[in-house]
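One structure is given below, encoded as structure tokens.
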Amino acid sequence: MSDLFACYNCKNQHEIGSLFCIKCNYIQPITRNDYFAVLDIKAEFWLDLEELEFNYLKLQQLVHPDKFVTKSKPEQILALKHSVLLNNAYETLKDNLSRSEYLLAQNKLFVNQGEGNNINPDLELLEEIMDFRTILADAEKLAEVKNLADLNNENKQDTIDKIKKYFTLKNYENAARETIKLRYLDKITLDIELKLTMLTL
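Heads up: the sequence shown runs through residues 1259 to 1459, numbered per the working numbering.
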């Protein structure tokens, strides 16, 4: 398969992934949908988030729809499509949970989504989460909830470290199991934040 494709406007040949034609400067259709490729960053779980943000902002400045208000309708549509893709890519990759789920999906593993090669939470994890939620529900003092928040944050960091390790080892099934755990821990974080808000009203 060729790594070149024809410009949408002038038919000049240029590389896949180019945003603009080097000859006529016409914005090009999307030729890459992989979020890591779109944001020009290595496809790994552990990312340099500053580099990710820098690349996103740099690319978004080039294709932001506001820059195309005086251009033709096809150019405006293409700019909007690029901008939406960049937003989706950035929002997915900047978050540990969604980035892990995206990487797993690229390796044909899906976490509790009812699709092929589906990985579901094990009973031990579900019991652990249920016990923690019960303790949180019974907590009536601010200090108790703050201690639970600290414990949950430590658990999350440990889980993230394990996800990083398993992706490095290409052990995708264990990465998936830890990703499921991270999803539950993220939900607990929201429950804790709500509880803290209620106790400080």
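Here a beta-carbon is modelled for each residue, glycine too, at the ideal position from N, C-alpha and C.
Residue i - containing beta strand (DSSP E), residue span
i	result
L1262	L1262 to A1264
E1302	That residue, E1302, is in no beta strand (DSSP E); it is neither H nor E in DSSP.
Exposure of residue i, with buried meaning 16 or more beta-carbon neighbours within 10 Å
i	result
V1296	buried
M1259	Unreliable positioning characterises M1259 in this predicted model, as indicated by a pLDDT of 42, which lies under 50. The coordinate reading is nonetheless provided below. Classification of M1259: exposed, given that the 10 Å Cβ count is below 16.
F1312	exposed
L1317	buried
S1341	buried
R1290	exposed
E1436	buried
K1453	buried
Span of the alpha helix (DSSP H), counted from its first residue to its last, around residue i
i	result
Q1318	L1307 to V1321
Q1271	Taken as a continuous stretch (DSSP letters only), Q1271 belongs to no alpha helix (DSSP H), being part of the beta strand (DSSP E) at Q1271 to E1273.
K1423	L1400 to T1426
S1341	K1331 to L1351
A1363	N1354 to Q1364
N1432	Y1430 to L1457
8 Å Cβ shell around residue i - same chain, five flanking residues per side excluded
i	result
C1467	This structure gives no information on residue 1467, because the portion of the chain shown stretches from 1259 to 1459.
L1384	none
L1440	N1354, L1355, S1358, K1414, T1417, I1418 and I1421
L1351	Y1293, F1294, L1297, I1299, L1305, L1310, R1357 and Y1360
H1322	A1337 and S1341
Coil, strand or helix - residue i by DSSP
i	result
N1378	coil
Beta-carbon proximity list for residue i, same chain, < 7 Å, skipping 5 on both sides
i	result
K1422	F1303 and W1304
S1276	Q1286
K1339	I1288
I1450	L1394, V1403, L1406, A1407 and N1410
N1365	Y1430
D1444	L1355
Close-in-space but distant-in-sequence residues of the same chain around residue i (CB under 6 Å, 5 per side omitted)
i	result
L1348	Per the sequence shown, residue 1348 should be read as Tyr rather than Leu. Answer for Y1348: Y1314, listed in chain order.
Exercise. Could you pull out every unbroken alpha helix (DSSP H) segment of at least 4 residues lying fully inside the segment 1272 to 1297, listed in chain order?
Key: 1293 to 1296
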